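Enquirer: Protein sequences appear in the order of chains A and B.
The opening position of the first sequence corresponds to residue 53 in my numbering, with each subsequent residue numbered one higher.
The opening position of the second sequence corresponds to residue 842 in my numbering, with each subsequent residue numbered one higher.
Okay, handing you the structure first.
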Amino acid sequence: MDDLTQIIDPPPSRTRLLLDGMRALRKPELDGAPLLPKARLVRPAVELSAEGIAAYGRACGFRREQGVPLTYPHVLAFPLHLMLLTRPSFPYPASGMVHLANRIRQYQRLREGQALRLEVYAERWVAHPKGQALSIATRAYSAGALVWEGDSLYLRRGVADPVGEPWVDALGVASDSWVRTQTWLLPADLGRRFAKVSGDFNPIHTSVIGARLFGFRRAIAHGMWTLGRALAAQQPPGGLERAEVRCEFKLPILLPGQVALWNPPSSGPRRAFEVRNGAGDKPHLRGLLSFNENLQ
Amino acid sequence: MSHYSFNPAPTRRVAIIGGNRIPFARSNTVYAHDSNQDLLVAALQGLVDRYNLHGQRLGEFAAGAVIKHSRDFNLARESLLSTTLSPETPAYDVQQACGTGLEAALLVANKIALGQIEAGIAGGADTTSDAPIGINESLRHTLLAANRAKGMGNQLKALLKVRPSMFFKPLLPRNGEPRTGLSMGEHCEEMAKRWQIKRLAQDELTLTSHQRLAAAYQRGFFDDLISPHRGLARDNNLRADASLERLAGLSPAYDRQSGTLTAGNSTPLTDGASVVLLASEAWAAEHGWPVLAYLRTGETAAVNFVDGSEGLLMAPAYAVPRMLHREGLSFADFDLFEIHEAFAAQVLCTLKAWEDPDYCRERLGLAAPLGAIDRAKMNVNGGSLGCGHPFAATGGRQLAALAKAIHERGGGRGLISICAAGGLGITAIVEK
């Protein structure tokens, strides 16, 4: 069944995802090169519901006048990512996959009430210095046209001879002239709050004990929350037509905590940004947001 | 069809008759138990006493506060009712962050200039001692849901969502920009770094502010500008014995590693209130009051600080050249400058910006830089660093002090400049 396009309707329940996740905690030792999962998971019509957007917006700090957040379709597609990563045929344990980078492109304005056809599939292996990375593609169609797409790079650490094209660090390094433009206080229950809107109940984000099991001192902020918060701070009022954001996740943010947004001093609709620690010397997230006429 | 006709009255000069304020007190000191209204009433009653306005119906009283309780929705009117002014004097609240006091004065002045009123009072008060503490947001939402619910059963059901922890996490007022989460000091620290403002220059400006304020008290300059309140006769932030050595000993307040802003060269949280009496020349003559000076015009500006392309407190740098261009004036035409000192660094950034040819060309659109301000003409009777800064009360303090200083020297022209939260800047010209 792995070769099939598989229609997922209704969406997987939270329990189902949790059970799959637990079943996928252990995987047999891999013999040779990993095989790329071939399944294409499809949800034929997911509504961009006003309530869903509002709840997601509250969690990340988006305001209503900003329209549909650029990252919102990712949240809708995330259960499919999880289904792909927890399949018996997937070679690595899902919970050990680290979200490394993300690229989102929007080709048309998204509207509340609009229905999207979401497709998720494993696109390619990427050889990363720290292990084996996998790019998962998310495609969103409306009336047959591709309106939004996301490419998420997940990493399995410690794989000796990773396959695929080599990883390229595409985002430049910040210069000394960058300024801190915002600070955010992150409460201890941020992970649980975001889980309610994202459906990602990964214990490293939602509980101290869960985080300790995976080697973190405390729960860590969800990377997609951090990206969402950064976009909420930078998306213009009035909603986006065409837009692109590229980001790389760096050091984890321990909760509770305080982090800051940094930007180059003069910036327009093509904005580089970093989320850094309180002292401003370590990056948690690095990104580049372009929108509307400035999209290349 | 109705015929639209607008017949502007000939614009009239707006006389500044006088002002009154209470001494400013550092937060949680002498005025710890006073509300905004208590402070505003004290300042207003002092003015009414000084200018014998008892029982008089004036055109209006416009005033405000930056940090307000929800019960202060009609602060100016409620304050007025507690004084001996005629209760038939209308009043309204104004709020433009730290520009509140000056903006209120511009509003009253414009009505006088247009002939809509003959005399009015503008002012402002602020206390951070009696700050509003909101109930927990979740508790508030729960209570509102219970309030909306129909029937006892549904109301009780809604109230079941109240959790004990909600009572221990109140909503505290924050001294930070809502859109950036950065405190004003942190914003100003970024500006100081961008403009490379030295610590020593900031401390020197602070010292001058204290020294000039002390000297002004010494020679009785404030005798007819201040009414004592709660046993306080002068601003208790004033350190007549301040020295560069003492200021140098303070550690950075907002950036412990590489910062230059300290508790000394930044204004502290302050409680206080101020009011100014404005009138037409005819009203002044009729009541026999000399005109200290005229409020000629004002200009406000705003900058985009959200994306970091401009510093939060840099808006006056834009407002002043716009106003000078409109009025056909240059710095050479001014004898006095009243620049609000929120932070010594913010004053120095603004002064440096006006001297910078690149900045003046690229940001302000000026062919030549505005130029330097003679420090001997700036804040000659002390500034906010010396007396403190009760947000909405600063404009009235500056306006009255500048008008009196112009009157004392027998005429001249002065500039007021105030930076405010939200990237706002409020400026005005006073002359005689």
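By construction, the Cβ of each residue, glycine as well, lies at the ideal position given by its N, Cα and C atoms.
Just so we're clear, the structure is a prediction, and the values are computed from it rather than from any experiment.
#1: Quick check: the Cα distance between A/Ala312 and A/Leu238, rounded to an integer number of angstroms?
#2: With distance defined between alpha-carbon atoms, name the residue in B/Met1007, B/Pro1014, B/Arg853, B/Ala856 nearest to B/Ser911.
#3: Run the CB neighbour count on B/Gln937, radius 10 Å, all protein chains shown included, and call it buried at 16 or more, exposed below.
#4: Can you list, in chain order, the stretches of the alpha helix (DSSP H) that have 4 or more residues and sit fully within the stretch 1042 to 1110 of chain B?
#5: Strictly below 8 Å CB to CB, what residues from chain A border B/Glu1031?
#6: Report the neighbours of A/Trp236 on chain B: residues whose CB is nearer than 9 Å to its CB, in chain order.
#7: Which residue marks the beginning of the beta strand (DSSP E) containing B/Val855, and which one marks its end?
#8: Could you say which of B/Gln996, B/Glu1168, B/Tyr1135 lies nearest to B/Ala987 if we only look at CA atoms?
#9: Taking 9 Å as the CB-CB limit, is A/Arg116 close to chain B?
#10: Nearest-angstrom Cα distance between B/Leu1205 and A/Val220?
#11: Can the beta-carbon of B/Gly965 be found closer than 9 Å to that of B/Ala1156?
#12: Going by the DSSP bridge assignment, what does B/His1230 pair with across the sheet?
#13: In terms of residues, what are the limits of the alpha helix (DSSP H) holding B/Asn988?
#14: Please decide whether B/Ala1262 counts as near chain A, where near means a Cβ-Cβ distance under 9 Å.
#15: Over the uninterrupted beta strand (DSSP E) stretch that includes B/His1248, give me the two end residues.
#16: In terms of residue numbering, what span does the beta strand (DSSP E) encompassing A/Ser342 cover?
#17: Excluding the 5 residues preceding and the 5 following A/Met53 in the sequence, name in chain order all residues of the same chain whose CB lies nearer than 7 Å to its CB.
#18: Report the residue ranges of all beta strand (DSSP E) runs contained in full by the stretch 68 to 125 of chain A; include only those spanning at least 3 residues, in chain order.
#19: If you measure between the beta carbons of A/Gln287 and A/Thr235, is that distance less than 9 Å?
#20: If I measure Cβ to Cβ from A/Ser204 and keep anything under 6 Å in the same chain, skipping five residues before and after, which residues do I get?
#21: Check each candidate in A/Thr190, A/Val249, A/Ile59 and name the one with the smallest Cα separation from A/Gly104.
#22: State the CB to CB distance for the pair B/Gly1100 and B/Leu1091, rounded to an integer number of angstroms; the pair is presumed to be in contact (CB under 8 Å).
#23: Please report the straight-line C-alpha distance between B/Arg1020 and A/Arg116, rounded to a whole angstrom.
#24: Can you tell me where the beta strand (DSSP E) with B/Phe1178 in it begins and where it stops?
#25: Any beta carbon of chain A sitting closer than 9 Å to that of B/Arg1202?
#26: List the residues that DSSP assigns as beta-bridge partners of A/Tyr16.
#27: Shorter than 9 Å from the beta carbon of A/Ala331 to some beta carbon of chain B?
#28: Output yes if chain A places a C-beta closer than 9 Å to the C-beta of B/Gln936; else output no.
#29: Count the other CB atoms, across all protein chains shown, that sit within 10 Å of the CB of B/Leu1177; report buried if there are 16 or more and exposed otherwise.
#30: Can you name, in chain order, every residue of its own chain whose Cβ lies under 7 Å from the Cβ of B/Glu1027, other than the five neighbours on each side?
#31: Who are A/Met135's beta bridge partners in DSSP?
#32: Helix, strand or coil: how does DSSP classify B/His1028 here?
#33: By DSSP, does B/Ala950 sit in helix, in strand, or in coil?
#34: Applying the 10 Å Cβ sphere with the 16-neighbour rule, what's the burial state of A/Gln58?
#35: Taking the Cβ atom as the reference point for each residue, do A/Ala295 and A/Phe343 lie within a distance shorter than 9 Å?
#36: Report the residue ranges of all alpha helix (DSSP H) runs contained in full by the stretch 253 to 315 of chain A; include only those spanning at least 4 residues, in chain order.
Expert: Taking the structure as given:
#1: 11 Å
#2: B/Pro1014
#3: buried
#4: 1085 to 1089
#5: Val231, Arg232
#6: Gly1022
#7: 855 to 862
#8: B/Gln996
#9: no
#10: 42 Å
#11: no
#12: B/Leu1110
#13: 978 to 989
#14: no
#15: No beta strand (DSSP E) contains B/His1248, which is instead part of the alpha helix (DSSP H) from 1235 to 1249.
#16: 335 to 343
#17: For A/Met53, the predicted structure reports a pLDDT of 49, less than 50, and the residue's modelled location is therefore unreliable. The matter cannot be settled from this model.
#18: 92 to 99
#19: no
#20: Asn154, Ile188
#21: A/Val249
#22: The pair is not a contact, with the Cβ atoms about 11 Å apart (cut-off 8 Å).
#23: 15 Å
#24: 1177 to 1180
#25: no
#26: Because residue 16 of chain A is not part of the residues shown, which for chain A are 53 to 348, the question remains open.
#27: yes
#28: no
#29: buried
#30: Tyr1095
#31: A/Met135 pairs with nothing; no bridge assigned.
#32: helix
#33: helix
#34: exposed
#35: yes
#36: 255 to 258, 260 to 265, 275 to 286
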